[in-house]
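1 is the number of the first residue of the sequence shown in UniProt numbering; add one for each residue after it.
Don't be surprised by glycine CBs; every beta carbon is placed ideally from N, CA and C.
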Amino acid sequence: MTLQRPQRVPPYASFHAFRKPPSIVESVLGPSATSVDDGWAPFNGDKGTQRLCELDLAFLSSYAIGMYFVGHLGDRIDLRYFLVFVYWMALCCLCCWELCGKECGLIMGVWNSHTSVGNIVGSVIASSVLDFGWGLSFALPGVVVIVSGLLVFCCLVVTPNDLGFEEPGKEIEMGLAENVEESLRKTETENAELLQTGWTLPPPRSEKQLNLQVFITTLIPSTSSDKTVWLVDEVIQDSFSSRQVWECIREKKPMVPWVNLIWHKARVPRHAFSAWLFVLNRNPTLDRLSRWDCDIEKTCLLCGVADESRDHLFFSCPFSRQVWDETLMRLGFQSPPYLWDAVLQWMPMASSCTDKSLALLQAWQACIYEIWHERNRRFHLGVTFPARKIIRLVFSVVHDRALSLSLQNPGRESLLLCWC
């Protein structure tokens, strides 16, 4: 990299030197390139200045179009050809490719300073020979550009391979490959020695180490290939089962009495999970947040009367009580309990019909989920839904779940009828 960058600065300066002759000789352009005369038609007429402006416009337009397309060529052309024949716009692309890190400011400073260097050199060369004709004012800077291009073509180092070095990425790759190969060879050798000669152990330094080594030497290494098996409760399994592993490693506790209220067959998973958290009283209600030293207002966001807690939300709050009452009226339940513990005790014995009991559990979990969702909507977003809309959301979700179960099992149509 350090070998390439300095070689790109002289071409940049010579390019700016080559750009100066037109502005130096435009006032003396004429048919004869070896003398100074009245000028070259139509530039020596009344509209000569306008014609020069038109030429400048055409030049700048083609220059802008060329700068757009030249970047695409840089990915397909050899670097030396690209720099020699594309020249100035190629230099812009190369700087964009390689300027990085702490060198960026230095290189850009040197690069920009050569704009002035090239302009000065070009002005001096073009004006010094102007008396001999405007042709030399173009020819000499052109010679400078050609010489600079030849130097770049002959001397530019494109890749480290040109100097006999390996590319950095390949060196790392080869180094890693050699290390891995050496490690594998060493492991294979050690394994072969172990199979041939038995255990190779360091001298013991204590009585415990000696006893351990005596025991180890009684174990004869197997000469057969190793294989991986799943062993659960000392029994080799044909396949892996996450359920078996979980049942083996988890801490088993007695079954809780409310398990069937949460994990019933007609549950909506997100409703069941939310109800489970509330049975454990693990959701961040305002009364619990205040006990965590949070300086917050504990007033219920649904009714604005009492302090918010799990027992108040389900279903002592007037807002949630309306949702609970109208939902159960659809199922034919009149005057249901509103206290949390009373609801848990009442639901298992509320109906002798299996499908109606499942519909009741669906309604209970859906009310908990939608009421808590409404509370969070008001707390986090400041958006308020009326109780009637919450009730419609409850009916919609449980109806869709019952419809899904009836399609999977036609014997569940009676559950769907509870919500029709």
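Less than 7 Å between the beta carbons of C420 and L331, yes or no?
No.
Starting from I262, follow the alpha helix (DSSP H) in both directions and report where the run begins and ends.
Residues V259 to I262.
R205: buried (16+ other C-beta within 10 angstroms of its C-beta) or exposed?
R205 comes out exposed.
Please check the pair Q362 and R412, which I expect to be a contact at CB under 8 Å, by giving their CB distance rounded to whole angstroms.
At roughly 12 Å, the Cβ-Cβ gap does not stay under 8 Å, so Q362 and R412 are not in contact.
Kindly list the residues whose CB is nearer than 8 Å to the CB of W364, restricted to its own chain and excluding five residues on each side of it in sequence; keep chain order.
Excluding positions up to five away in sequence, the list reads L261, A275, V343 and M347.
Q365 lies in the alpha helix (DSSP H); which residues open and close that run?
Unbroken alpha helix (DSSP H) run through Q365: T354 to N376.
Go to Q334, then tell me how far its alpha helix (DSSP H) extends in each direction, as first and last residue.
Where Q334 is concerned, there is no enclosing alpha helix (DSSP H), given that its DSSP letter is neither H nor E.
What's the gap between the Cα of F385 and the Cα of E374?
Roughly 7 Å between the two C-alpha positions.
Relative to the C-alpha of I249, which residue among M255, F240, D233 and V259 is closest?
Comparing Cα-Cα distances from I249 to each of M255, F240, D233 and V259, the minimum goes to D233.
List the DSSP bridge partners of T299.
Its beta-bridge partners are D307.
G149: buried (16+ other C-beta within 10 angstroms of its C-beta) or exposed?
With 16 or more Cβ atoms within 10 Å of its Cβ, G149 is classed as buried.
In three-state DSSP terms, what is L136?
Three-state result, L136: helix.
Which complete beta strand (DSSP E) runs does the stretch 198-262 hold, if anything under 3 residues is left out?
Fully enclosed beta strand (DSSP E) runs of 3 or longer: 230-232 and 235-237.
Would you identify the three-state DSSP class for L344, choosing helix, strand or coil?
It is helical.
According to DSSP, simplified to helix, strand and coil, what is K265?
If DSSP states are grouped into helix, strand and coil, K265 belongs with coil.
Within 10 angstroms of its Cβ, does P336 collect 16 or more other Cβ (buried), or is it exposed?
Classification of P336: buried, given that the 10 Å Cβ count is 16 or more.
Which of the three DSSP states, helix, strand or coil, is assigned to G382?
Coil, per DSSP.
Terminal residues of the continuous alpha helix (DSSP H) containing D400?
D400 -> alpha helix (DSSP H) spans A387 to Q408.
When we look at the beta-carbon of F315 and count the other beta-carbons within 10 Å, is it buried (16 or more) or exposed?
F315 is buried by the Cβ-count criterion.
Using 7 Å as the threshold, is the C-beta distance between L398 and A350 below it?
According to the sequence displayed, residue 398 carries Val and not Leu. Not a contact, by the Cβ cut-off of 7 Å.
Would you report the Cα separation of L415 and T228, rounded to the nearest angstrom?
Roughly 48 Å separates the two Cα atoms.
Report back the beta-carbon spacing between L393 and A266 to the nearest angstrom; my notes put them in contact at under 8 Å.
With a Cβ gap of about 18 Å, L393 and A266 do not count as contacting.
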